[in-house]
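Residue numbers (the numbering used here): 160 to 587. The beta carbon of each residue, even a glycine, is placed where N, CA and C say it ideally should be. These figures come from a predicted structure and were not determined experimentally. Below: one structure, written as structure tokens.
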Ligand SMILES: NC(=O)c1ccc[n+]([C@@H]2O[C@H](COP(=O)([O-])OP(=O)(O)OC[C@H]3O[C@@H](n4cnc5c(N)ncnc54)[C@H](OP(=O)(O)O)[C@@H]3O)[C@@H](O)[C@H]2O)c1
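Here you go:
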């Protein structure tokens with residue numbers, strides 16, 4: 160089995176060096192040497208000694224190379240990456256990728272072609288970096304009916320929320336984002352991470368491998384963390400919660416819940432203890448119960464570890480198994496409706512800025528009562544300029560009713576600006 164590496168950036172260089180560094184350890188496990196037949200990169204990487212490696216500046220040479228059995232697609236993006244992967248499959252080469260956008264958006268096409276050609280496409284590194292969550296669900300929990308998956312799957316967002324939550328610092332989102340960019344934890348254009356798109360790609364894939372449903376990136380509900388304020392974090396803390404950006408997918412009778420957004424997580428819950436750039440995923444399944452997986456979600460070493468884990472699996476299973484790239488045999492994937500967010504039911508945190516006048520609380524309670532929304536917890540605080548902050552945790556309520564109630568609350572003469580709403584996580 161010979162490997163062709165396409166892309167020599169953070170992950171590609173990590174994979175290259177892991178093969179050289181841990182080659183003997185891997186040989187002890189699989190009984191065969193992993194060799195690199197060719198590396199495709201537009202320029203050398205300062206951390207990689209390529210002196211005895213066949214290097215090409217055209218990544219498409221790698222997928223044409225008859226010596227290459229397994230192509231590592233580590234360039235990112237969805238244009239060239241899709242062309243590269245489809246050409247590799249058409250040339251009967253197995254593919255390992257770290258590219259969540261590619262799998263979430265083009266997985267059906269890629270897996271369809273791979274099944275026809277009898278090759279494997281593996282993507283462990285695409286979700287939660289060094290955590291072997293795909294293997295845990297696809298193999299370790301394969302005897303279970305998976306009921307739900309919930310996790311912190313974007314390290315940049317988690318880093319920002321963790322820093323904003325440092326007691327007494329009251330840091331604004333924009334300031335922490337700038338620090339994260341300076342430290343290399345956030346991209347120059349952070350949109351994919353902070354607006355939840357990266358997490359949405361990952362959750363789309365997790366949902367498919369957990370429940371055996373087709374990839375539905377087109378239908379996922381996506382909300383990022385850019386609207387979270389230090390005030391919300393402070394009020395959540397007073398109420399016993401930590402704010403985290405979660406991906407949650409649930410297998411319901413006639414639909415699948417598929418959503419990424421900020422959540423209030425009870426301080427006592429393990430996911431509230433996941434700090435900084437770390438990732439964690441919990442899986443609820445019928446036989447094993449709830450299990451949790453924690454580790455580094457990105458970085459050269461952790462991601463290369465996942466890439467090489469996939470390579471080793473391919474070496475071990477080549478020619479032995481029929482291909483179930485998404486963990487279920489392709490003909491058994493069950494299309495299911497993705498639940499509209501309006502149908503979602505759960506508790507929510509609301510924060511209103513109101514002019515501090517007599518009777519305003521009564522008017523708020525009346526509107527909530529009209530929509531059968533009760534108040535589980537309440538904080539009222541004086542704010543600047545004669546205003547007050549009213550913070551409410553509601554009972555479990557249908558999202559549509561809450562939206563309607565929020566619209567009426569926003570229309571009160573006393574209400575100023577937008578009403579903040581953050582859903583409360585429920586793992587029952
Ligand atoms: N970084 C992580 O921690 C991490 C974690 C999990 C998953 N991933 C995924 O892994 C993939 C790679 O990420 P990365 O962080 O390693 O990116 P990166 O550091 O930017 O490296 C990408 C490499 O691919 C090369 N490349 C890009 N487009 C190319 C093209 N059309 N032709 C030839 N070479 C091309 C780049 O070359 P130039 O330098 O010449 O542009 C660069 O060497 C992405 O899909 C990413 O989402 C990354």
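Going by DSSP in three states, residue 498 sits in which element: helix, strand or coil? Coil, per DSSP.
Would you please state the rounded distance, in angstroms, between the beta carbons of residue 545 and residue 438? I believe it to be under 8 angstroms. Residue 545 to residue 438, Cβ: 44 angstroms. No contact.
Counting only beta-carbon separations shorter than 8 angstroms, does residue 223 have a partner in chain B? The structure shown has no chain B; it contains just one protein chain.
Spell out a yes or no on whether the region 376 to 394 and the region 425 to 443 are touching, meaning 3 or more CB-CB pairs, one atom from each, closer than 8 angstroms. Contact between the region 376 to 394 and the region 425 to 443 is absent, with fewer than three C-beta pairs closer than 8 angstroms.
Counting Cβ pairs closer than 8 angstroms, one from the region 347 to 367 and one from the region 404 to 419, do we hit at least three? A contact exists between the region 347 to 367 and the region 404 to 419.
How would you write the range of the beta strand (DSSP E) that residue 323 sits in, first residue to last? DSSP places residue 323 in no beta strand (DSSP E) but in the uninterrupted alpha helix (DSSP H) bounded by 314 to 323.
Regarding residue 267 and ligand 1, is the C-beta to nearest heavy atom distance less than 7 angstroms? No, the Cβ of residue 267 stays beyond 7 angstroms of every heavy atom of ligand 1.
Out of 341, 445, 354, 450, which has the shortest C-alpha to C-alpha gap to residue 302? Comparing Cα-Cα distances from residue 302 to each of 341, 445, 354, 450, the minimum goes to 445.
Name the residue from 367, 534, 464 whose alpha carbon lies nearest to the alpha carbon of residue 492. That would be 367, whose Cα lies nearest to the Cα of residue 492.
What are the boundary residues of the alpha helix (DSSP H) that includes residue 410? Residue range 400 to 410 is occupied by the beta strand (DSSP E) that includes residue 410, with no alpha helix (DSSP H) assigned at that position.
Residue 550 and residue 513: beta carbons closer than 8 angstroms? Taking C-beta atoms as the reference points, residue 550 and residue 513 fail to come closer than 8 angstroms.
Keeping to the same chain, check which residues put their C-beta closer than 7 angstroms to that of residue 541; ignore five residues upstream and five downstream. Here residue 541 has 515, 547 as same chain residues with Cβ atoms under 7 angstroms from its own Cβ, once five neighbours each way along the sequence are excluded.
Closest Cα partner of residue 208 within the set 190, 458, 581, 179: Relative to residue 208, the option among 190, 458, 581, 179 whose CA is nearest is 179.
Where do the ends of the beta strand (DSSP E) carrying residue 198 lie? Element bounds for residue 198: 194 to 199.
Whole angstroms is fine: what's the gap from residue 533's alpha carbon to residue 564's? Rounded to the nearest angstrom, the gap between the Cα atoms of residue 533 and residue 564 is 12 angstroms.
In three-state terms, what does DSSP make of residue 279? Note: residue 279 maps to coil in three-state DSSP.
Out of 509, 476, 297, 250, which one is the CA nearest neighbour of residue 394? Residue 394 has its Cα closest to that of 509, out of 509, 476, 297, 250.
Once you ignore the five residues that flank residue 574 on each side, which residues in its own chain have a CB closer than 7 angstroms to its CB? Cβ neighbours of residue 574 within its own chain (closer than 7 angstroms, five residues either side excluded): 511, 513, 568.
Nonlocal neighbours in the same chain, by C-beta distance under 7 angstroms from residue 500, ignoring five residues either side: Here the set comprises 380, 418, 558.
Start and end residues, beta strand (DSSP E) containing residue 334: No beta strand (DSSP E) holds residue 334; the alpha helix (DSSP H) holding it covers 332 to 341.
Could you tell me the distance, in whole angstroms, from the CA atom of residue 277 to the CA atom of residue 392? In this structure, the CA atom of residue 277 is about 50 angstroms from the CA atom of residue 392.
Just curious, the alpha helix (DSSP H) that residue 437 is in, first and last residue? That residue, residue 437, is in no alpha helix (DSSP H); its beta strand (DSSP E) goes 437 to 444.
Below 7 angstroms CB to CB, which residues in the same chain sit around residue 424 once its five sequence neighbours on both sides are set aside? Scanning its chain for C-beta atoms nearer than 7 angstroms, with the 5 sequence neighbours on each side dropped, one finds around residue 424 the residues 400, 401, 403, 430, 431, 584, in chain order.
Among all the DSSP beta bridges, which residues are the ones paired with residue 421? DSSP, once it has assigned bridges, lists 404 as partnering residue 421.
Quick check for students: name the residue ranges of the beta strand (DSSP E) that lie wholly in the region 179 to 229, counting only runs of 3 or more. Taking only runs of at least 3 residues, the beta strand (DSSP E) segments lying wholly in the region 179 to 229 are 194 to 199.
Please return the same chain residues whose Cβ sits closer than 6 angstroms to the Cβ of residue 234, not counting the five positions on each side in sequence. So the qualifying residues of the chain are 165, 166, 240.
Quick check: what's the CA-CA separation for residue 173 versus residue 467? Looking at the backbone, the Cα of residue 173 and that of residue 467 are separated by about 10 angstroms.
Between the Cα of residue 251 and those of 280, 586, 397, 355, spot the shortest distance and give me the residue it belongs to. Comparing Cα positions, the closest option is 280.
Residue 396: first and last residue of the uninterrupted alpha helix (DSSP H) it sits in: It spans 389 to 397 - the alpha helix (DSSP H) in which residue 396 sits, taken as one unbroken run.
Do you know offhand how far residue 579's Cα is from residue 333's? In this structure, the CA atom of residue 579 is about 17 angstroms from the CA atom of residue 333.
Assign residue 266 to buried or exposed, taking buried as 16 or more other Cβ atoms, counted over all protein chains shown, within 10 Å of its Cβ. When all chains shown are included, residue 266 counts as buried.
Put residue 429 into one of helix, strand or coil per three-state DSSP. Residue state, collapsed to three classes: helix.
Go ahead and label residue 498 buried or exposed: buried means 16 or more other beta carbons lie within 10 angstroms of its beta carbon, across all protein chains shown. In the assembly as shown, residue 498 is a buried residue. Its beta-carbon has 16 or more other beta-carbons within 10 Å.
Within 8 angstroms, strictly: CB atoms of residue 436 and residue 372: No, the Cβ-Cβ distance between residue 436 and residue 372 is not below 8 angstroms.
Measuring straight from C-alpha to C-alpha, what distance separates residue 490 and residue 571? Just so you know, the alpha carbons of residue 490 and residue 571 end up roughly 54 angstroms apart.
Looking at the secondary structure, which residues open and close the alpha helix (DSSP H) in which residue 469 lies? Note, residue 469: alpha helix (DSSP H), 459 to 476.
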